[in-house]
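Colleague: Going line by line, the protein sequences match chains A and B.
Counted from 1, the first sequence has number 141 at position 141 by the working numbering; the numbering is strictly sequential.
In short: position in the second sequence from 1, add 1000, done, that's the working numbering.
We put the CB at the ideal spot given by N, CA and C, even for glycine.
2 protein chains.
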Amino acid sequence: MKEKFVEINQMLVEVYDDVNRIEEYSIKQGAFSDLSITEIHTVEAVGLYGSKTMSEIAAQLEITMGTLTTAVDKLIRKGYLERKRSNTDRRIVNVSLTNRGKLAYRIHEKFHLDMVKAIMNDFTAQEEEILLKALRKLNSHLKDIYMAARQSASTRGS
Amino acid sequence: MKEKFVEINQMLVEVYDDVNRIEEYSIKQGAFSDLSITEIHTVEAVGLYGSKTMSEIAAQLEITMGTLTTAVDKLIRKGYLERKRSNTDRRIVNVSLTNRGKLAYRIHEKFHLDMVKAIMNDFTAQEEEILLKALRKLNSHLKDIYMAARQSASTRGS
DNA sequence: CCTATATATTTTGATTATCAAAATATTTGT
DNA sequence: ACAAATATTTTGATAATCAAAATATATAGG
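Encoded structure:
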C-alpha cells in the first residue's frame, strides 16, 4: 500500500519538474524568447479580454504589488502590456495586453494544448474520461489542502 | 474533444501551481523554516546515503556548479550539509547530509507522502490504479518531450 | 619526469524575481 | 474639509541564477 503512495508521489514530483523544464525550453526557442516563464505567466494573468487592475493581477499571481510594478514596467518596455489610469478612480491602474501580448498568450496556450494532445494520444476515450475525473478530484483536494495551509499561515501569531 | 483537452490542461496547470504553493507554505511553518524550497531540493538531491560530488548534484538539479557552490556554502553554514575533499582525487568535493540534514530530508519526505495519502483517501482502489497508470504514461511522455527539447536546445547553432 | 591538456570546483560580476516598508496619490466617510 | 482608507509605486534589501575567469589537481605523451 505504502509502495503505491511512494510511486504516485514520485510521479507527481517528476511530472512537476518536467513540466517546468519543458516550458522553459519551449520559451527559449520560439518567437518570444525575450520572455521568461514568470513574464509569460504575468501575460497569462492579464488575460486576453479587457483589462485588470494591479491588485487583481498581484492577487492572482500571489506576488506583492511592488514586484508586479517592476514586472509590468519591463513588459511594457518589451511591448507586451499597456498601462492606463482609470478615469473614474485615478488611483487605479488598468493593465491590458497589446497585440503582441495577445499573440504571445495564444502561442503559449497552443504550446500547452499541443503538449496535452501529445500526451493523450494513446489514451482510450474511457481512460481519458477517468483521468479527467481523477484530475478534478486531485485538484479539488489540493485546493482544500492549500486553503487550509494558507489559512494557518496567515493567522499564525494572531 | 478540444473541450476535454482544455480542461485537462487547466487541471494540470492548477495542480502544478497548488503543489508549488502548498510546499512553500508547509516549509514556512514546520521545524525547518530556515530552508527555502530551493534549499530543500538541494538537500533532497544530496540524498540520505553516502555523499555526492558537486558535479553530480549540479547535473541532477540542472543548475551550474557556480550556483551550487553558493547554495552549498549556505547550507553548510545552516548546518544541513558537509563538504569533504576526496582523498583519492583532491579536485573532487564530496557533499553529504549532516544529521540535521537527514532529519530535514525525512520530514520533507513525510510531508509529501502525507499529502499523497490525503489526496488518495477517497479514491477507490480501481481509481487509484488508473491514476497511477495515467501518471506513469504522462510522466514517460513528458520525459520524451523534455529530452527532445533539451536535445534541440543544446544542438541549436552547431 | 616534465609539461600541456583535461577535469573539478570556486570566484567574480551581472541579472531577475522577490519582499517589506515607506512614500505618493487619490478617494471616501463624517 | 480633513482624517482614514485604498491603490499603486518607490526604495532598499535578499535569494537564485548564469557565464566566464580563476584556481587547483590529475593525467597523458614525449
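Please state the DSSP three-state secondary structure of residue 1097 of chain B.
Modeller: In the second sequence, the residue the question calls residue 1097 of chain B occupies position 97. Strand.
Colleague: What's the call for residue 26 of chain A, buried or exposed, on a 16-neighbour Cβ count within 10 Å?
Modeller: Within the first sequence, numbered from 1, the residue matching residue 26 of chain A stands at position 26. Residue 26 of chain A is buried by the Cβ-count criterion.
Colleague: In chain order, which beta strand (DSSP E) runs of at least 3 residues are fully inside the stretch 1067-1150 of chain B?
Modeller: 1081-1085 and 1093-1097
Colleague: Identify every residue that forms a DSSP beta bridge with residue 1053 of chain B.
Modeller: Walking along the second sequence from the start, residue 1053 of chain B turns up at place 53. In the DSSP output, where bridge partners are listed per residue, residue 1053 of chain B has B/1094.
Colleague: DSSP three-state call for residue 42 of chain A: helix, strand or coil?
Modeller: Counted from its first residue, the first sequence places residue 42 of chain A at position 42. Looking at residue 42 of chain A - three-state DSSP - the assignment turns out to be helix.
Colleague: What separation, rounded to the nearest whole angstrom, lies between the Cα atoms of residue 75 of chain A and residue 22 of chain A?
Modeller: Position 75 of the first sequence, counting from 1, holds the residue named residue 75 of chain A. Position 22 of the first sequence, counting from 1, holds the residue named residue 22 of chain A. The straight-line gap from Cα to Cα measures roughly 22 Å.
Colleague: Comparing the C-beta of residue 1108 of chain B with each C-beta of chain A, is any distance below 8 Å?
Modeller: Counting from 1 along the second sequence, the entry for residue 1108 of chain B is found at position 108. Not an interface residue.
Colleague: At which residues does the alpha helix (DSSP H) containing residue 32 of chain A begin and terminate?
Modeller: As a working mapping, residue 32 of chain A is identified with position 32 in the first sequence. Where residue 32 of chain A is concerned, there is no enclosing alpha helix (DSSP H), given that its DSSP letter is neither H nor E.
Colleague: Within 10 angstroms of the Cβ of residue 101 of chain A, are there 16 or more other Cβ atoms? Answer buried if so, exposed if not.
Modeller: Numbered from 1 along the first sequence, position 101 holds the residue referred to as residue 101 of chain A. With 16 or more Cβ atoms within 10 Å of its Cβ, residue 101 of chain A is classed as buried.
Colleague: Taking 8 Å as the CB-CB cut-off, is residue 115 of chain A touching chain B?
Modeller: Looking up residue 115 of chain A in the first sequence gives position 115. Interface flag for residue 115 of chain A against chain B is set, since a Cβ pair is found closer than 8 Å.
Colleague: Run down chain B in chain order and give the residues with a C-beta less than 8 Å from the C-beta of residue 146 of chain A.
Modeller: By 1-based counting over the first sequence, the position of residue 146 of chain A is 146. Within 8 Å Cβ-Cβ: 1018, 1021, 1022 and 1025.
Colleague: Is any beta-carbon of chain B found at less than 8 Å from that of residue 8 of chain A?
Modeller: To locate residue 8 of chain A, count along the first sequence from 1; it is residue 8. Interface residue, yes.
Colleague: Closer than 8 Å by C-beta to residue 68 of chain A: which residues in its own chain qualify, once you throw out the five before and the five after it? Chain order, please.
Modeller: The residue you call residue 68 of chain A lines up with position 68 of the first sequence. These residues qualify, in order along the chain: 42, 54, 57, 58 and 61.
Colleague: Taking C-alpha atoms, which residue in B/1121, B/1111 and B/1003 lies nearest to residue 13 of chain A?
Modeller: Start at 1 with the first residue of the first sequence, and residue 13 of chain A comes out as number 13. When only C-alpha atoms are compared, the closest one is B/1111.
Colleague: List the residues of chain A that residue 1094 of chain B touches, going by C-beta distances under 8 Å, in chain order.
Modeller: Taking the first residue of the second sequence as position 1, residue 1094 of chain B is located at position 94. Within chain A, no residue has its CB atom less than 8 Å from the CB of residue 1094 of chain B, the nearest being about 25 Å off.
Colleague: With a cut-off of 8 Å, does the C-beta of residue 157 of chain A fall near any C-beta of chain B?
Modeller: Indexing the first sequence from 1 puts residue 157 of chain A at position 157. Since pLDDT at residue 157 of chain A reaches only 41, below the 50 mark, its modelled position is unreliable, and no value is offered.
Colleague: So, under 8 Å CB-CB, residue 1104 of chain B and residue 1080 of chain B are touching, yes? Tell me the CB distance rounded to an integer number of Å.
Modeller: Residue numbering aside, residue 1104 of chain B sits at position 104 when the second sequence is read from its first letter. Residue numbering aside, residue 1080 of chain B sits at position 80 when the second sequence is read from its first letter. About 6 Å; that satisfies the 8 Å criterion.
Colleague: Please tell me whether residue 93 of chain A and residue 77 of chain A are closer than 8 Å, where the distance is taken between their beta carbons.
Modeller: On the first sequence, position 93 is the one that residue 93 of chain A refers to. On the first sequence, position 77 is the one that residue 77 of chain A refers to. No, the Cβ-Cβ distance between residue 93 of chain A and residue 77 of chain A is not below 8 Å.
Colleague: With 16 as the cutoff for other CB atoms within 10 Å, does residue 1147 of chain B come out buried or exposed?
Modeller: By one-based count along the second sequence, residue 1147 of chain B stands at place 147. By the beta-carbon neighbour count (other beta carbons within 10 angstroms, threshold 16), residue 1147 of chain B is exposed.
Colleague: I'd like to know whether the C-beta atoms of residue 135 of chain A and residue 1008 of chain B end up nearer to each other than 8 Å.
Modeller: One-based indexing of the first sequence puts residue 135 of chain A at position 135. One-based indexing of the second sequence puts residue 1008 of chain B at position 8. Going by C-beta atoms, residue 135 of chain A is nearer than 8 Å to residue 1008 of chain B.
Colleague: Mind pulling the chain A residues with CB within less than 8 Å of residue 1104 of chain B?
Modeller: Along the second sequence, read from residue 1 onward, the residue named residue 1104 of chain B stands at position 104. The contacting residues do not exist; residue 1104 of chain B stays about 17 Å from chain A at best.
Colleague: Below 8 Å on the Cβ atoms is my guess for residue 51 of chain A versus residue 95 of chain A; work out the distance and round it to an integer in Å.
Modeller: Taking the first residue of the first sequence as 1, we reach residue 51 of chain A at position 51. Taking the first residue of the first sequence as 1, we reach residue 95 of chain A at position 95. Right, their Cβ atoms sit about 6 Å apart.
Colleague: Please classify residue 1008 of chain B: does DSSP put it in a helix, a strand, or coil?
Modeller: For this step, residue 1008 of chain B is matched to residue 8 along the second sequence. Helix at residue 1008 of chain B.
Colleague: Just verifying my parser: in three-state terms, what is the DSSP assignment at residue 22 of chain A?
Modeller: By one-based count along the first sequence, residue 22 of chain A stands at place 22. If DSSP states are grouped into helix, strand and coil, residue 22 of chain A belongs with the helices.
Colleague: Under 9 Å Cβ-Cβ, which residues of chain B neighbour residue 15 of chain A?
Modeller: Along the first sequence, read from residue 1 onward, the residue named residue 15 of chain A stands at position 15. The contacting residues are 1012, 1015, 1016, 1135, 1138, 1139 and 1142.
Colleague: Indicate the three-state DSSP secondary structure (helix, strand or coil) for residue 61 of chain A in the structure shown.
Modeller: Numbered from its first residue, the first sequence carries residue 61 of chain A at position 61. If DSSP states are grouped into helix, strand and coil, residue 61 of chain A belongs with the helices.
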